[in-house]
Every structure is written in C-alpha cells, then in structure tokens.
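Chemist:
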Amino acid sequence: MSNANSNQSPLPADSEVLILSLLADGPMYGYAISKRAAAASENQFRLSPGVLYPLLASLEKRGLITSLWEVIRAERTEQGAGRAIEEAEPARGRRRKWYRLTPRGESHLETRIAAHRAHIALIERFLPARPRAEEAGR
C-alpha cells in the first residue's frame, strides 16, 4: 500500500499535463519546472531530469511548446589601477533553455484537463461516500 507521505513520480501522461499546466502560467526553464512541480505538490511529485527533459523534447517535437536558448554570461571582476573592471565572457556563459506553451499546446491542455475531470467524475461514482466501517477502526 502506498504511503501518503512518500515522494512519487507522476505517470508520463500526468507529467505532460503537469508541465503544460505550469507553462500556461508563463515561460520557464527545465530546472524551474521541476522545482515548481515539487513545490506545488508539497514535494509529492518530483520530475527527475531523466523524465523531464525527454518529455520536454517530445512536447516540443509535437508543437505543443517552443523553446529559446538564453546565454547567462559569466561575470569576472579584475582589480586594475585601483578599480574593479567587470568583463563579460559570453563564451564561458552557461546556457538556459526556456520553454513556452504554444496556441496548439493551450488547446491540447484544455482538452486534457476536460478529459481528466471527466475521468475523475467517473471514478468518484464508485468511491464510497464515507469510509467503510472496517477501515474506520484502523
């Protein structure tokens, strides 16, 4: 039986909806998506890099998201003639890939949310209204 406090990785289909939902709030880079998913779920869902980045590539290939690279320039301070000189070194800068939801992605997300809500409503029909007597005493 699953422990309610254990960390879980969402299923791939759930991960897709999760990522698209986060990107509906605005552009984000991969690490921020992972951190936001963990924070929003109170650390119940974690998107590992091995799950996140292939899924982002798949979403981009399908036209649901687009990406743009940003170079984060490294700043170096040198002391010379009694003053600090800051020199940007783009060649040494890190790169960060930003992801954005496309109109096609927005439409796909709306469809997936509607299907998810319909599925939950169907499952709810089969769940007991209150805990069963044998489970309530445990």
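The opening position of the sequence shown corresponds to residue 5 in the working numbering, with each subsequent residue numbered one higher. Ideal Cβ positions, reconstructed from N, Cα and C, are used throughout, including at glycine. On a predicted model such as this, the values are computed, not experimentally measured, just so you know.
Between the Cα of H112 and those of F49, G67, Y57, G30, spot the shortest distance and give me the residue it belongs to.
Modeler: G67
Chemist: Alpha carbon to alpha carbon, what distance is there between R116 and F130?
Modeler: Taking the straight line joining both Cα atoms gives about 22 Å.
Chemist: From which residue to which residue does the alpha helix (DSSP H) around E128 run?
Modeler: 107-128
Chemist: Starting from S62, trace the alpha helix (DSSP H) both ways and give me its first and last residue.
Modeler: 53-65
Chemist: Considering just the uninterrupted stretch of the alpha helix (DSSP H) at S38, what are its terminal residues?
Modeler: For S38, the enclosing alpha helix (DSSP H) stretches over residues 34-44.
Chemist: If distances are taken between C-alpha atoms only, which option among I127, E64, A17 comes closest to G34?
Modeler: E64
Chemist: Is L72 helix, strand or coil by DSSP?
Modeler: The DSSP-derived three-state label of L72 is strand.
Chemist: CA-CA distance, E74 and A42?
Modeler: 24 Å
Chemist: Could you have a look at A88 and say whether DSSP puts it in helix, strand or coil?
Modeler: Low local confidence applies: a pLDDT of 42 at A88 is under 50, so the model's placement there is unreliable, with the coordinate-based value given in what follows. In the structure shown, A88 sits in a strand (DSSP, three-state: E or B).
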